[in-house]
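What follows is one structure encoded as structure tokens, with my remarks underneath.
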Amino acid sequence: MLNILSTLNGQDLGFLKIIANAWGIEIKAPDAYTARTHLAAEMDNPEIIKEIFEALPEDARNAFNSLLELNGKIPWAKFSREFGEIQVMGSAKRDRERPDLKPKSPTEYLWYRAFIGRAFLGMDSEPQEFAYIPEEIFSCLEPIHIQKKQIPGRKATPKETQFIQHVSEKILDDLCTVLAMYRNNLPIEEHKDLLEIPVSFLRVILTEMKLVSANGTVDPDQIRLFLEAPGETAFIQIVKYWLESIQINEMEFVSSLVIEGMLDHNSVKTRKFLIDQISLIPSDLWWNLESFVNYVYQTNPDFQRPAGNYDTWYIKDPETGEYLRGFENWHRIDGAFIRYMVTGPLHWLGLIDLSSTSAENQPVAFKCSTQCIDLLSNQPPKGMIAKEEKIHIDSYGKILIPFHFSRAIRYQVSRFCEWNGRSKDGYIYNISPKSLNRSKDQGLKISHFLKLVQSSLTHSFPPKLKHALERWEQNGTQAYFSNVVLLKVSDPEAIAQLQTSPVNKFIQAILNPNTAAINPNGMEQIRKTLIELGYLSE
């Protein structure tokens, strides 16, 4: 951080005298160089610094506190937009009009007391102009500010916590489900009712963890290690990859926004900022979500816009097609993003509990979960104890696998079965020739399946089903179901003539001289042919 002397460098003698007058310091130096050195030394006085700070008008104090809040540096564009510009004038006009005595803005008030400076700093990839607090002033006043630091929002009311959604392990279950779909080449979008977390978010997590490639290819060895790891270990891995990911851009997942092109947006810094702000809230209190959004709006609105620019992002409203530009759309973009992060990723990843006024309403409050600190500290979260549950299978091939059951086993079982939705008790699968053929193509054997399932049952494997599976492995499918339409005629000659006509391809079986089973797709052509043969049908 730049110090007082750096702030005074380049300023003429008239400006230095204005600063000295504001600080109650007498300087009689003949030139600017001598005056700067003397003035900087006199200004490095904690007592005077505190006196000037206490005398700041409310608007100037708010502007200064906003700088303290952000470690003493804010992009000049943001600071001047919020707290005003400095009037541009030459030294002669300045000395004549004395803007320090009648400042037009909080920025100007602080500027003519050297409580802020202005300089280009290489904070990111390229230099950017910042407003900053000189080092000596910052060091003196930051501790005072920390003691008076604003709490980000307000506590939730009892009504806002009527319905509570605690964090869960659902992301582990959903990731297992999606991995099984990838391995079985199933269309994930058609089975998204099996998931509680959006497919889009699950996909980027799996890609970031290198369990699935960008083109959907799975890594069986990495998947096995992930699924066999204890739940708490897997959770730590997921949170760590998410926190450090430079590829995941949660802005793209906000349903109320359509992103066009690239955003100059640092996801890692944005996540850290939100977590840091949430950490200011007492961990045992439920907190109103909208008040937290407004707190960020008032104190750090540019948290994800490094240059404080609200006109370079191409973002549309998906319903109206309207481009959302300018600071006036902050709540529709940045506010919506904060709401999404709190009620989405931070909740799914076990960091934030949510609450609402009823089960039907959207979350309106949040609280740090009991495992939040552990997960952010890369420590095994407490309370994730493996449940001693078992698979249930009936004699007809229906399998129920409880939620939170061994994901490694569920992943393997799913390779032999068809998905059949989920119930309140867990995931439902069915054994079918189609699913068995798929597993056979992957080199799996019925003996693998029997051994896998039996190890997780409280009862013996149903003997009749076991016999049917072993028989299928030897002989393949021996029974088929098909949809047909029965054609009944009073004259057997009608069916005999149909068999010699082009519509014979639609006749699947002759059941008796007066009855045939036909393909439903051929009904209309057979009806027309019957008319040509002299028979009306109904």
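All residue numbers for the sequence shown refer to the numbering used here, where the first residue is 71 and numbers rise by one.
Note that CB positions come from ideal geometry on N, CA and C, so glycine has one too.
First and last residue of the uninterrupted beta strand (DSSP E) at residue i
i    : result
G187 : G187 to L191
K468 : K468 to P472
C438 : A435 to C438
T585 : T585 to I588
F233 : F233 to Q235
I267 : Looking at the DSSP string, I267 is not in any beta strand (DSSP E), and its letter there is neither H nor E.
R492 : E488 to R492
G301 : Unbroken run through G301 is the alpha helix (DSSP H), G301 to E314; no beta strand (DSSP E).
Y497 : G496 to N500
K143 : K143 to P145
I580 : I577 to N582
Outcome for residue i when other beta-carbon atoms lying within 10 angstroms are tallied against a minimum of 16
i    : result
P213 : exposed
A125 : exposed
A586 : buried
I275 : buried
A90  : buried
T340 : buried
R166 : exposed
D243 : buried
T231 : buried
R183 : buried
G420 : buried
M411 : buried
M321 : buried
E239 : buried
Q374 : buried
Helix, strand or coil at residue i according to DSSP, with G and I counted as helix
i    : result
E124 : helix
T427 : coil
H529 : coil
Y182 : coil
E199 : strand
Y384 : strand
L557 : strand
Y103 : helix
E330 : strand
E112 : helix
W356 : coil
Candidates the options: closest to residue i by CA position
i    : options                   : result
Y179 : A133, P145, D165 and L137 : A133
E488 : M251, I588 and R395       : M251
L556 : K510, I403, R508 and S607 : S607
G467 : P503, F407 and R273       : P503
Y393 : I119, E121, I329 and W356 : I329
K280 : L249, E260 and H261       : L249
I316 : K342, A304 and R477       : K342
R477 : N79, K521 and I461        : I461
L520 : I345, R492, K494 and Q482 : Q482
P415 : E121, L313, G154 and G286 : L313
V256 : T287, I275 and E602       : At residue 256 the sequence reads Leu, which differs from the Val that was named. L256 has its Cα closest to that of T287, out of T287, I275 and E602.
K225 : G142, L527, A429 and N358 : N358
E360 : G405, R183 and P127       : G405
E121 : R106, D129 and G94        : G94
I207 : G160, K143 and Q157       : K143
C246 : Y311, D561, S560 and H474 : H474
I156 : A162, P169 and K163       : P169
D82  : S425, P116, R164 and W383 : R164
N582 : A435, T599 and V559       : V559
G331 : L470, G378 and T382       : T382
F362 : P176, P222, H537 and R395 : P222
First through last residue of the alpha helix (DSSP H) which encompasses residue i
i    : result
I203 : Unbroken run through I203: none, as it is neither H nor E.
I443 : C442 to L446
G84  : L83 to W93
K240 : K240 to R253
P415 : P415 to W418
L394 : Taken as a continuous stretch (DSSP letters only), L394 belongs to no alpha helix (DSSP H), as it is neither H nor E.
Minimum Cβ-Cβ distance from residue i to chain B less than 7 Å
i    : result
A184 : Going by chain labels, chain B is absent from the structure shown, which holds only one protein chain.
Distance cut-off 6 Å: residue i Cβ against heavy atoms of the ligand SAH
i    : result
P204 : In the structure shown, the ligand SAH is absent, as is every other ligand, since no ligand is present at all.
Is the stretch 385 to 392 close to the stretch 174 to 192, with three or more CB pairs under 8 Å? Taking 8 Å as the limit for Cβ pairs, the verdict is that the stretch 174 to 192 does not touch the stretch 385 to 392.
Check whether the stretch 106 to 121 and the stretch 71 to 78 are in contact - that is, three or more C-beta pairs closer than 8 Å. Cβ pair count under 8 Å is three or more, so yes.
Pairing CB atoms from the stretch 501 to 516 with CB atoms from the stretch 472 to 492, are three or more of them under 8 Å? Contact between the stretch 501 to 516 and the stretch 472 to 492 is present, because at least three Cβ pairs lie under 8 Å.
Should the stretch 433 to 453 be called in touch with the stretch 299 to 309, which here means at least 3 C-beta pairs below 8 Å? Contact holds: three or more Cβ-Cβ distances are below 8 Å.
Is it true that the stretch 142 to 156 meets the stretch 97 to 105, where meeting means three or more beta-carbon pairs spaced less than 8 Å apart? These segments do not touch.
Is it a yes or a no for the stretch 289 to 299 touching the stretch 432 to 441, going by three-plus beta-carbon pairs under 8 Å? No contact exists between the stretch 289 to 299 and the stretch 432 to 441.
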